[in-house]
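What follows is a set of notes on a single structure, which appears directly below.
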Amino acid sequence: MIEASSKLYELENIEMRQMYASTILALAKKNPEVIALEADLMSAISTNKIIKEIPEQIINCGIMEANMMGVAAGLSITGKIPYIHTFAQFATRRAFDQLFVSGAYARCNLKIVGSDSGVTAEHNGGTHMAFEDLGLVRLIPGATVFEASDSTMLGYLLRSIEKERGIHYIRTVRKKAMKLYHEGETFEAGKGKVLREGNDVTLIASGIMVAESLAAAELLEKEGISAAVIDMFTIKPIDQELVVKYAEKTGLVITAENHNVIGGLGSAVAEVLGEHCPTPMYRIGVREQFGQVGVTEYLKKFYKLRASDIVEVVKCRVEG
Amino acid sequence: MELARFRDSIRLLTLKELHHLGFGHYGGSLSIVEVLAVLYGKVMKLNPAEPDWEGRDYFILSKGHGGPALYATLALKGYFPEKELYTLNKNGTSLPSHPDRNLTRGVDMTTGSLGQGISVAVGVALSHKLSARKNYTYCVVGDGELNEGQCWEAFQFAAHHKLNRLVVFIDDNKKQLDGPTKDIIDPLDFEEKLRAFGFYTMKVDGSSLEEIEAAIGRGKVESQGMPIGIVLDTIKGQGVPFLEQKADNHHVRPNAEDEAAILEMISELERRVERVEQS
Chain H
187 MIEASSKLYE
197 LENIEMRQMY
207 ASTILALAKK
217 NPEVIALEAD
227 LMSAISTNKI
237 IKEIPEQIIN
247 CGIMEANMMG
257 VAAGLSITGK
267 IPYIHTFAQF
277 ATRRAFDQLF
287 VSGAYARCNL
297 KIVGSDSGVT
307 AEHNGGTHMA
317 FEDLGLVRLI
327 PGATVFEASD
337 STMLGYLLRS
347 IEKERGIHYI
357 RTVRKKAMKL
367 YHEGETFEAG
377 KGKVLREGND
387 VTLIASGIMV
397 AESLAAAELL
407 EKEGISAAVI
417 DMFTIKPIDQ
427 ELVVKYAEKT
437 GLVITAENHN
447 VIGGLGSAVA
457 EVLGEHCPTP
467 MYRIGVREQF
477 GQVGVTEYLK
487 KFYKLRASDI
497 VEVVKCRVEG
Chain B
1090 MELARFRDSI
1100 RLLTLKELHH
1110 LGFGHYGGSL
1120 SIVEVLAVLY
1130 GKVMKLNPAE
1140 PDWEGRDYFI
1150 LSKGHGGPAL
1160 YATLALKGYF
1170 PEKELYTLNK
1180 NGTSLPSHPD
1190 RNLTRGVDMT
1200 TGSLGQGISV
1210 AVGVALSHKL
1220 SARKNYTYCV
1230 VGDGELNEGQ
1240 CWEAFQFAAH
1250 HKLNRLVVFI
1260 DDNKKQLDGP
1270 TKDIIDPLDF
1280 EEKLRAFGFY
1290 TMKVDGSSLE
1300 EIEAAIGRGK
1310 VESQGMPIGI
1320 VLDTIKGQGV
1330 PFLEQKADNH
1340 HVRPNAEDEA
1350 AILEMISELE
1360 RRVERVEQS
């Protein structure tokens, strides 16, 4: 639960993993070419609950992420539609060259879901805590990079990429996210969602930081600061037009991400602003740090990823 | 084309192609000439006029630096004109040193980052199996390439999924870039290792067209649900005596003396190809 002045942001009823599994099941039942690949994390992402219904369409590759990427590429060049899941750091850091060469460079069609991203890896700790995945995939020419901020969005994105070709990476948390969208909401790749209008500052966030930014905006309103909030769920290609529009409108941009400030959302926004609309900005996120063990709330506090941290940064820049 | 002549023609065009460029991966291209000749000359179902024909067998050259030999083979099969071979590695070419499925007609997969091709071949074989298609998938992996752990992941996966229409050849030419495989990472016995990983395994003379062909045939009959692994006992620079003897023959930039030997071999192969043609 995130506390703001007038409203509480509630956790969703269903976990992101349930949404992943149910969406894969629906896609696979409809299209025999859809194949889900796992690397011994089926029980972590709940596909173990659906495998009996589609045994031919879920392949547990074992603990072999590099091989899994290659197998997916092989499936892809023979017309299958592989959805690959593993924890975010295995999907990117561990199998990067395989993703790059066998996947992207060979123009294969891979839909990759990296779960347990950033601080939400909690008790798996620093070894399992990806603060780099968005940056790595963003470096791949032509790749599309999403961060899902709630289950409605995750389900929508998983369905929408079925007919697309190329490398699609969706970063997600595995358990419950804050509810942001109503069922039936639609999302256009490459177009940010303006969730709140404002005139003094624009908060551009993704993933778990969207709800924190909305809460921060409410706290800021109490202090007489009007903050716009954008859910920038497509990290690449980034919505350049929207970034420039709000930079011009508010004159100050703050990004917020559960990721290293280098390479991810903050970098993407800074690149747009630097080239097209130089504007004062600040990146909230992880700075020159590794992950560690802890519960999400502790980790958010440690890495300064709470609504109150956003408020502090904004006040310092608006008033300072 | 008669198989021996096809083999000589692949070797001839590989040499001419590399000689025209002035440098390249002679050693590892020449050691796979025989297996390419058997696959493309006799065994594989292909349609060069329609490279993407769904009924075709797939070939993945995991040891991507053997690309020049694959290109010579594809040109001889009519996938593209022979003169294109002389654009190898030139700026803007469709024939890069390592195969690229998006640039070259007839190339099934992009390879070159060692260790990755086998996984892709396994994925292709799995796809055929899942869709109950009869296509075979052939893959050539280098002995040095087997340093890469990913290869052994792929072997385990293939055996577990009983990919019996997958045939993996190990080009056991006993050398990698920095020297003998035995001195760098001793591979021990590939045949024993493949068998332990769940493959139906054989070791044959990789310079013998007959032995390679017979091994593939035997594997298809006897593999009993196992993937087929064929260890090819080869020599780096195979079929070109001065290259076989050269200590450092992985990537060669011929000096004047080498130059003369290569030209002599080219004429020898031209005569041989010519002679068979006349008979």
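Taken in order, these protein sequences are the chains called H and B.
Under the working numbering, the first residue of the first sequence carries the number 187, and numbering increases by one thereafter.
Under the working numbering, the first residue of the second sequence carries the number 1090, and numbering increases by one thereafter.
Backbone N, C-alpha and C fix where the C-beta goes; we use that ideal spot for every residue, glycine too.
So is residue i buried or exposed if we call it buried at 16+ other beta carbons inside 10 Å?
i: GLU1266 of chain B; result: According to the sequence displayed, residue 1266 of chain B carries Leu and not Glu. LEU1266 of chain B is exposed by the Cβ-count criterion.
i: GLN284 of chain H; result: buried
i: GLN390 of chain H; result: Here the sequence assigns Ile to residue 390 of chain H, which means Gln is not the residue at that position. By the neighbour-count rule (16 or more Cβ atoms within 10 Å), ILE390 of chain H is buried.
i: THR372 of chain H; result: exposed
i: ASP1278 of chain B; result: exposed
i: SER1312 of chain B; result: buried
i: TYR291 of chain H; result: buried
i: PHE476 of chain H; result: exposed
i: GLN1334 of chain B; result: exposed
i: ARG345 of chain H; result: exposed
i: ARG1190 of chain B; result: buried
i: GLY328 of chain H; result: exposed
i: GLY1295 of chain B; result: buried
i: ARG473 of chain H; result: exposed
Please classify residue i: does DSSP put it in a helix, a strand, or coil?
i: PRO464 of chain H; result: coil
i: VAL1211 of chain B; result: helix
i: ASP1347 of chain B; result: helix
i: ASN199 of chain H; result: coil
i: ASP336 of chain H; result: coil
i: ASP1232 of chain B; result: coil
i: ARG1190 of chain B; result: coil
i: ASP1261 of chain B; result: strand
i: THR1182 of chain B; result: coil
i: LYS486 of chain H; result: helix
i: LYS422 of chain H; result: strand
i: ARG1440 of chain B; result: Outside the displayed span of chain B (1090 to 1368) sits residue 1440 of chain B, for which this structure offers no information.
i: ARG1094 of chain B; result: helix
i: PRO1137 of chain B; result: coil
i: ARG357 of chain H; result: strand
i: ILE244 of chain H; result: strand
i: GLY304 of chain H; result: helix
Going by Cα to Cα distance, which pick from the options is closest to residue i?
i: LEU438 of chain H; options: H:GLY449, H:ILE424, H:VAL415; result: H:VAL415
i: GLY256 of chain H; options: B:ASP1261, B:GLN1239, B:ASP1275, B:ASN1262; result: B:GLN1239
i: ALA258 of chain H; options: H:GLU374, H:THR264, H:PRO268; result: H:PRO268
i: LYS435 of chain H; options: H:LEU366, H:CYS463, H:VAL497; result: H:CYS463
i: HIS1114 of chain B; options: B:THR1323, B:HIS1339, B:TYR1225; result: B:HIS1339
i: ARG324 of chain H; options: H:ASN446, H:VAL220, H:PRO466; result: H:ASN446
i: VAL479 of chain H; options: H:PHE286, H:GLU308, H:GLY352, H:LYS422; result: H:GLU308
i: GLY1206 of chain B; options: H:PRO423, H:ALA442, H:MET315, H:ASN253; result: H:ASN253
i: LEU368 of chain H; options: H:GLY393, H:GLY341, H:LYS361, H:THR388; result: Going by the sequence as given, residue 368 of chain H is His instead of Leu. For HIS368 of chain H, the nearest C-alpha among the options comes from H:GLY341.
i: LYS1218 of chain B; options: H:TYR489, H:GLY260, H:MET339, H:ASN310; result: H:GLY260
i: GLU1357 of chain B; options: B:SER1098, B:HIS1109, B:ASN1178; result: B:SER1098
i: GLU498 of chain H; options: H:GLU427, H:ILE440, H:ALA454, H:LEU459; result: H:ILE440
i: ILE394 of chain H; options: H:ASN385, H:VAL455, H:ALA413, H:ASP417; result: H:ASP417
i: LEU459 of chain H; options: H:ALA363, H:VAL429, H:ALA442, H:PHE317; result: H:VAL429
i: VAL1256 of chain B; options: B:LYS1263, B:PRO1316, B:GLN1245, B:GLU1281; result: B:PRO1316
i: HIS1250 of chain B; options: B:GLY1314, B:ASP1232, B:LEU1321; result: B:GLY1314
Rounded to whole angstroms, what is the Cα-Cα separation between residue i and residue j?
i: ASP1272 of chain B; j: TYR468 of chain H; result: 54 Å
i: GLY471 of chain H; j: ASN199 of chain H; result: 27 Å
i: GLY1116 of chain B; j: HIS1187 of chain B; result: 15 Å
i: ARG1254 of chain B; j: LEU1184 of chain B; result: 29 Å
i: LYS379 of chain H; j: ASP425 of chain H; result: 10 Å
i: VAL1293 of chain B; j: GLY1287 of chain B; result: 19 Å
i: VAL1310 of chain B; j: ALA1221 of chain B; result: 18 Å
i: TYR484 of chain H; j: PRO466 of chain H; result: 30 Å
i: ALA1304 of chain B; j: TRP1241 of chain B; result: 22 Å
i: ILE1121 of chain B; j: ALA207 of chain H; result: 45 Å
i: ALA397 of chain H; j: ASN246 of chain H; result: 34 Å
i: ASN1136 of chain B; j: GLU461 of chain H; result: 50 Å
i: ASN1262 of chain B; j: LEU1101 of chain B; result: 20 Å
i: ALA413 of chain H; j: ASP302 of chain H; result: 29 Å
i: TYR355 of chain H; j: GLY312 of chain H; result: 22 Å
What are the residues that DSSP puts in a beta bridge with residue i?
i: ALA391 of chain H; result: H:ASP417, H:ALA442
i: HIS271 of chain H; result: H:GLU224, H:VAL299
i: TYR1147 of chain B; result: B:THR1226
i: ILE470 of chain H; result: H:ALA442
i: LYS379 of chain H; result: H:ASP417
i: ASP1322 of chain B; result: B:ASP1261, B:ASP1294
i: LEU1255 of chain B; result: B:THR1226
i: PRO1269 of chain B; result: B:LYS1264
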